[in-house]
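Chemist: Residues 83 to 153 (the numbering used here) are what the sequence shown spells out, left to right. No residue lacks a Cβ here, since even glycine has one placed at the ideal position from N, Cα and C. Everything numeric in this text was worked out from a predicted model, so none of it was measured.
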Amino acid sequence: MNKTLLLVMSWALIPFAPAAVPSDEATIRVITFNIHHGVGLDEKLDLARIAALIKEHRADVVALQEVDRGV
83 MNKTLLLVMS WALIPFAPAA VPSDEATIRV ITFNIHHGVG LDEKLDLARI AALIKEHRAD
143 VVALQEVDRG V
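(1) How would you call residue 89, buried or exposed, if buried means at least 16 neighbouring beta carbons within 10 angstroms?
(2) Give, in chain order, every unbroken run of the beta strand (DSSP E) that is at least 3 residues long and sits entirely within the segment 98-147.
(3) Are residue 116 and residue 148 closer than 8 angstroms when you measure CB to CB?
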């Protein structure tokens, strides 16, 4: 199969976003956040500050990275 035909076929398989923007009722807000074990750029451990930042984004789903086990 030649490269041009393969390229055209691969473009045909890419799903396109719908034209209509979903309403707020149909939207799910997802965030991901690396909390660096709870330590900020100022090198202070402040879990309350991290929790406030997460709450501020009003996400439906939150994925956290670098959360220590048992903390």
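Modeler: Quick answer:
(1) The residue you call residue 89 lines up with position 7 of the sequence shown. Model confidence at residue 89 stands at a pLDDT of 46, short of 50, so the residue's coordinates are unreliable and nothing is read from them.
(2) Listed in chain order, they are 112-116, 143-147.
(3) Indexing the sequence shown from 1 puts residue 116 at position 34. Indexing the sequence shown from 1 puts residue 148 at position 66. Closer than 8 angstroms, so yes.
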